[in-house]
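Residue numbers (the numbering used here), protein chains in the order written: chain S, 1 to 112; chain X, 1001 to 1116.
Below you'll find the structure, written out as structure tokens, and then a few comments.
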Amino acid sequence: SQQGEEDPQALSIQEGENATMNCSYKTSINNLQWYRQNSGRGLVHLILIRSNEREKHSGRLRVTLDTSKKSSSLLITASRAADTASYFCATGPVGGGNKLTFGTGTQLKVEL
Amino acid sequence: GAVVSQHPSWVICKSGTSVKIECRSLDFQATTMFWYRQFPKQSLMLMATSNEGSKATYEQGVEKDKFLINHASLTLSTLTVTSAHPEDSSFYICSAVRRNSYNEQFFGPGTRLTVL
């Protein structure tokens, strides 16, 4: 079953604006990861945040994790048309090894 | 590094035939490989976990006799869709976990299967 729910399901913004996507999950986790998928392609790993971390940065990406609310957010700053893709959160359960459960995804469209 | 390939990238077959999809880790040894299925505009659904030298672990609702998984080596796993039917048409994606990597899965580019 799907663990993560993401919102919004779809997001359309102008180039240069920031994009924020949210992910909520139900059970305790070991880590949470964000992936990007271009249409009809495989997934690209963006960032991993561990359950004892609250915030992580990587380039224009900022991820936060609130384990008390069982939620995470992905912020893409100064978006570009090339950021157009689907973004998925995925959770790694406590004691669950490498298994991931993916969220429903957010389709981001960045327009020129 | 950490490149995963899939072959073929797309395949069209007739109903009733079997199709084999390969997943290879090109520059690392994969302790575990995962097979996912994705329908259009939907998320990835884990089908099975494949460990080298042992039987695959299937998720609930996934028919193991329908989706045969063989993890022949630390760099190769195969998924065979047996007696494929139109409802098996989907995007199949594999991922591999690199030895000593912390939970990070490296994904293949996916295989588009269309069953006529």
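The beta carbon of each residue, even a glycine, is placed where N, CA and C say it ideally should be.
As the structure is a computational prediction, the values presented were derived from the model and not from experiment.
message = Which residues of the segment 1038–1049 of chain X have a Cβ closer than 9 Å to any Cβ of chain S? Give them in chain order.
response = Residues Q1038, K1041, Q1042, S1043, L1044, M1045, L1046, T1049.
Bridge partners - R50 (chain S), DSSP secondary structure assignment = By DSSP's assignment, R50 (chain S) forms a beta bridge with S:N31.
Inter-residue spacing [alpha-carbon to alpha-carbon] between W1010 (chain X) and S1090 (chain X) = Rounded to whole angstroms, W1010 (chain X) to S1090 (chain X) spans 10 Å at the Cα level.
task = Could you tell me whether the Cβ atoms of S1018 (chain X) and H1085 (chain X) are closer together than 7 Å?
result = In this structure, H1085 (chain X) does not lie closer than 7 Å to S1018 (chain X) by Cβ.
task = Verify the CB distance criterion: does V1003 (chain X) have a CB-CB separation below 7 Å to chain S?
result = Residue contact with chain S for V1003 (chain X): absent (no Cβ-Cβ distance below 7 Å to any residue of chain S).
key: Proximity test, Cβ basis, 7 Å: V1019 (chain X) and chain S   = Chain S contact via Cβ: absent.
ask   = Quick one: what's R1098 (chain X) bridged to in DSSP?
value = Beta-bridge pairing links R1098 (chain X) to X:A1030.
key: Proximal chain X residues relative to K99 (chain S), where beta-carbon distance stays under 8 Å   = Within 8 Å Cβ-Cβ: F1034, L1046, T1049.
ask   = For R41 (chain S), which residues in chain X fall below 8 Å Cβ to Cβ?
value = Chain-order list of chain X residues neighbouring R41 (chain S): P1109, G1110, by C-beta distance under 8 Å.
task = Pull up the distance between the alpha-carbon of Q2 (chain S) and that of T1114 (chain X), whole angstroms please.
result = Summary for Q2 (chain S): the model assigns pLDDT 42, below 50, so the residue's position carries little reliability, and this model does not support an answer.
task = Could you check the C-alpha separation between A81 (chain S) and D1065 (chain X) for me, to the nearest Å?
result = Their Cα atoms are separated by approximately 44 Å.
inquiry  = Counting only Cβ pairs nearer than 8 Å, list the residues of chain S close to I1137 (chain X).
reply    = No statement about residue 1137 (chain X) is possible, as the shown extent of chain X runs from 1001 to 1116 and does not include it.
request  = Have a look at S:N30, S:I47, S:Q14, S:L43 and flag the residue whose alpha-carbon is nearest the alpha-carbon of S73 (chain S).
outcome  = Measuring from the Cα of S73 (chain S), the nearest candidate turns out to be S:I47.
message = Let me confirm a value: G52 (chain S) is counted as buried when at least 16 other C-beta atoms fall within 10 Å, else exposed. Which label applies?
response = According to the sequence as given, residue 52 (chain S) is Asn; it is not Gly. Under this definition N52 (chain S) is an exposed residue.
key: Residues that DSSP places opposite F102 (chain S) in a beta bridge   = According to DSSP, which records beta bridges pairwise, F102 (chain S) is partnered with S:A90.
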